[in-house]
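Trainee:
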Amino acid sequence: MAEKLKVELVTPYKKVMSEEVDEITATGALGEFGVLPGHAPFLTSLKIGELAYKKDGVLHHLALNWGYFEVENDQVTVLVETAERADEIDLERAKAALGRAETELKSLTPEDKNFRIYQAALERALIRVQVAGKAGGR
Numbered sequence: 001m002a003e004k005l006k007v008e009l010v011t012p013y014k015k016v017m018s019e020e021v022d023e024i025t026a027t028g029a030l031g032e033f034g035v036l037p038g039h040a041p042f043l044t045s046l047k048i049g050e051l052a053y054k055k056d057g058v059l060h061h062l063a064l065n066w067g068y069f070e071v072e073n074d075q076v077t078v079l080v081e082t083a084e085r086a087d088e089i090d091l092e093r094a095k096a097a098l099g100r101a102e103t104e105l106k107s108l109t110p111e112d113k114n115f116r117i118y119q120a121a122l123e124r125a126l127i128r129v130q131v132a133g134k135a136g137g138r
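Residues 1 to 138 (the numbering used here) make up the sequence shown, in order.
#1: Starting from L122, trace the beta strand (DSSP E) in both directions and tell me its first and last residue.
#2: Hey, does A94 have any beta-carbon neighbour from chain B nearer than 8 Å?
#3: Mind pulling the beta strand (DSSP E) runs of 3 or more residues that sit fully within the stretch 41-96?
#4: Thinking C-beta only, is T82 closer than 8 Å to T11?
#5: Could you give the distance in angstroms between the alpha-carbon of M17 and the alpha-carbon of E92?
#6: Could you check what DSSP says for G38 in three-state terms: helix, strand or coil?
#7: With C-beta atoms as the reference, is L129 less than 8 Å away from L62?
#8: Let's test the definition: count the other Cβ atoms within 10 Å of the Cβ of G57 and tell me whether it reaches 16, buried, or not, exposed.
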């Protein structure tokens with residue numbers, strides 16, 4: 001059994017990270033899950049949420065926007081639409097996006113065609129605010 005997981009995290013625009021880590025947690029379509037070295041192979045979809053990993057005793061956080069997560073032979077491959085490290089998130093901009101999404105949702109009904117768009121925007125903004133708040137306490 002390997003002592004580390006090799007993690008590759010990629011968006012359509014760039015490779016966000018390629019590191020060996022001790023453990024990793026993410027938000028799957030069915031809830032949060034964790035992976036340690038020696039984990040059984042699996043593939044799952046990711047929803048808007050946080051990915052956290054521990055490397056050399058230090059916890060790191062990223063905000064993710066939909067994608068896929070695969071584990072095989074201590075190799076973790078994460079393919080997502082967007083990924084931002086906690087220290088890269090502009091907290092004021094994320095809070096402004098949260099406010100805009102909340103305002104728009106108040107004026108819409110669930111049947112409105114834009115409801116799901118603003119609901120997803122709200123989820124993204126909320127996760128970005130939460131992850132950005134963890135930037136100092138890594």
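Even for Gly, the Cβ is constructed at its ideal location relative to N, Cα and C.
The model shown is predicted, which means the values in this text are computed figures rather than measured ones.
Mentor: Taking the geometry as given:
#1: In the sequence shown, counting from the first residue as 1, residue 122 sits at position 122. Element bounds for L122: not the beta strand (DSSP E) but the alpha helix (DSSP H), F115 to A132.
#2: Included in the structure is just one protein chain, with no chain B present.
#3: 42-46, 49-55, 58-72 and 75-85
#4: Position 11 of the sequence shown, counted from the start, is the residue given in the question as residue 11. Position 82 of the sequence shown, counted from the start, is the residue given in the question as residue 82. Yes. Within cutoff.
#5: Here residue 17 refers to the residue found at position 17 when the sequence shown is read from its first residue. Here residue 92 refers to the residue found at position 92 when the sequence shown is read from its first residue. Taking the straight line joining both Cα atoms gives about 25 Å.
#6: Here residue 38 is taken as the residue at index 38 of the sequence shown, counted from 1. Correct three-state label for G38: coil.
#7: In the sequence shown, the residue the question calls residue 129 occupies position 129. In the sequence shown, the residue the question calls residue 62 occupies position 62. Position check: residue 129 holds Val in this sequence, whereas Leu was assumed. Their beta carbons are not under 8 Å apart, which means V129 does not touch L62 by this criterion.
#8: Reading the sequence shown from its first residue, position 57 is the one you call residue 57. Classification of G57: exposed, given that the 10 Å Cβ count is below 16.
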